[in-house]
Amino acid sequence: MYNKKNGKISILAIIISASVAAFVLYVLLIYFIFNSGSKNSFNKGKKLLNQSDYYGAINYFNQAEKSDKKNSILYLNLGEAYFRIKKYEEALTNFNKSLAITSTNPNAFAFKAYDYVMLENYVEADKFCAEALKLDPKNAFAYNVKGQISYSKYNDEDALTNFDKAIKLNKNYYEPYINKIKTIYDEKEYLNCITFSKETLKKFPKSVEIYKYISNCFSQLEKHEDAISELNLALEIDPKDPDLLSSIGWEYFYNKNSSQASTFAKKALSIDPELKDALDLLDSIDKDSLSEAVKIVNFIKTNYLYFDKVIDFDKKAKAFEDLKTLTTKDITNFIEDIKIKDDNFTFTLTDSDFNHRITEKTANEITSKSLKENTFYLKINSFNNTVDLDFQDVLVKIKNPEQMNLVIDLRNNSGGVISAANNILDVLLPKCTTSFTINRTGSTHSYYSDEKQIKFKKIIILVNEYTASSSELLTLGLKKYLNNVVIIGHTTFGKGVGQLTYDNADKKYSIFLVSFYWNVKESNIAGTGIMPDIAVNGTSDSYYINKVT
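This note's numbering numbers the first residue of the sequence shown as -18 and each following residue consecutively.
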């Protein structure tokens, strides 16, 4: 610096100027180091987030936050990482921090809405999803979240509409595809689910999740070989997935191949020794390896409703187990010997009767037609394992059902699988407990209907004295919960108990064993049956149709 007084540069001034400059450089250097360190941590966190390493991402994002508390994207990403590990409160805190810095990011609002879905606060979820779409009406992520809100509120129709919107806006966005698959699967539209899933695989060929859904659909349809094929394709993508290996094992077990089932269970346990699904499979295989006589005895001991009233069961069971060869006649005689006197519903089917039952189990037990413009007729012949799926497939094709009368013909239907009857009630009823069963120990099992419901103007049920068991459960359930149901015909059979079955396809026999009582809203019709609202004197179709029309 130049000193006017003596014309010389002040040494002190030079020293001071140099010190100031050095300090400024030091501050800038520190800022640069911290800023670059923060940016580096943020980038590492972002990379790990994209690789689904959420815990690692959280660690780096927390490091970045120490020197960068004004980065809204950092808080959004940190919130997403917490969201993905199901720490929803921590996620919400970070989404709020992101929005406090930048209140115009639609993804932050959409993620906040998604978080509220997981917290089951659908009012807040709706509100913040609307904010996201207000900021960006073409935000695929927001539409996916909107679909999740509808799905969580059991409004599958709206859910599918919004998932489709998300897919249309971003055809490479995976999540709405898998959410649509999940929704279709939950609706038990398994064939439709398989079709859409296979189309989706063309876009996402490495998705193990999609293969699992396809396999589950085939399994529900009792096509276990097809289920195994799909799981094997998934296994090519991820050969070390223990859940896949265990699932393949179960499908082999359902398909009566215990050897292969055991092989895959052990493969799964070699990767995850504590995998419960695989351990349960080995336990089931062990039980299945017992002698046929022992398995039958255990089946009766565990499930027979009137077991406490059986006289000398242990003695009879010992003699049965000691038989060197076991014929279907031996099995029939044993069942007749141990069942109590008044039990008319425990019995054995063999040979041609068994073959007829197997044919019936796989047959389409539904026929349907339009009676007139506003009346649709549907006959259920029996309740096999897939009748509920067939029933739903027919109903979803009826246009404007709320303007239609539905006739359900249950005449001569002696019952069948109780879960199928409850699944049909689920389609037609609002949220409720459709029925519950009670076993001999007093333990109960409840069946439920959710909010999803196909509504009709009127439901007319045709019954006669041979309408029994699951048919009566369906009739009573509809009558108890809906005010637009009319029962036409004769008083029903009055079978208020249900059976479990023990099948042996190789030896061609089935044991039907009374195992539980069933109730609908505390009502049981054992011995009394269900009285019709409108009695019919004759038995021919014309008598019934005249009452309907």
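Note that the Cβ used here is the ideal one computed from N, Cα and C, for glycine as well.
In this text, all values refer to a predicted model and were calculated from it rather than measured experimentally.
| query | result |
| --- | --- |
| To the nearest angstrom, how far is the alpha carbon of Lys27 from that of Ala38? | 7 Å |
| For Asn394, which option in Ala449, Tyr287 and Ala402 has the closest C-alpha, if you only look at C-alpha atoms? | Ala449 |
| Please classify Lys380: is it buried, with 16 or more other beta-carbons within 10 angstroms of its beta-carbon, or exposed? | exposed |
| Spatial neighbours of Val501 within its chain, please: C-beta separation below 8 Å, excluding the five flanking residues on both sides. | Thr415, Ser416, Leu454, Leu457, Gly458 and Lys461 |
| Roughly how many whole angstroms lie between the Cα atoms of Phe497 and Phe328? | 15 Å |
| When you compare the CB positions of Ile218 and Val189, do they come within less than 8 Å of one another, or not? | yes |
| Got a sec, what are the start and stop residues for the alpha helix (DSSP H) Phe315 sits in? | Thr309 to Ile319 |
| Suppose the cutoff is 6 Å on Cβ atoms and the five residues either side in sequence are ignored; what does the same chain contact list for Phe15 look like? | Because Phe15 sits at a pLDDT of 46, beneath the cut-off of 50, its placement in the model cannot be relied upon, and the following sentence gives the value as read from the coordinates. Hits under 6 Å: Ser48. |
| Please classify His205: does DSSP put it in a helix, a strand, or coil? | helix |
| What is the DSSP secondary structure of Val368, counted as helix, strand or coil? | helix |
| What does a CB cutoff of less than 6 Å around Ile66 pick up in its chain, not counting 5 residues either side in sequence? | Tyr35 |
| Apart from the five residues just before and just after Ser243, which ones in its own chain have a Cβ nearer than 6 Å to its Cβ? | Ile266 |
| What residue range is occupied by the uninterrupted beta strand (DSSP E) comprising Tyr483? | Val478 to Asn485 |
| Using the rule of at least 16 other Cβ atoms within 10 Å of the residue's Cβ for burial, across every protein chain shown, is Val278 buried or exposed? | buried |
| How long is the line joining the alpha carbons of Tyr233 and Ser240, rounded to whole angstroms? | 8 Å |
| In the structure shown, what three-state DSSP assignment does Phe122 receive? | helix |
| May I ask you to check if the CB of Val467 is nearer than 7 Å to at least one heavy atom of the ligand ADP? | The ligand ADP is not part of the structure shown, which contains no ligands of any sort. |
| Going by C-alpha to C-alpha distance, which of Lys179, Phe185, Tyr166 and Ser133 sits closest to Tyr154? | Phe185 |
| Name the residue from Leu216, Thr83, Ala94 and Ala81 whose alpha carbon lies nearest to the alpha carbon of Glu61. | Ala94 |
| In angstroms with no decimal places, state the Cα-to-Cα distance between Met99 and Ile511. | 44 Å |
| Decide if Glu170 is buried, meaning its Cβ has at least 16 other Cβ atoms within 10 Å, or exposed. | buried |
| Which word fits Lys70, buried or exposed, when buried means at least 16 other C-beta atoms lie within 10 angstroms of its C-beta? | The displayed chain sequence assigns Glu, not Lys, to residue 70. Glu70 is exposed by the Cβ-count criterion. |
| Tell me the DSSP secondary structure of Ser178 in three-state form. | helix |
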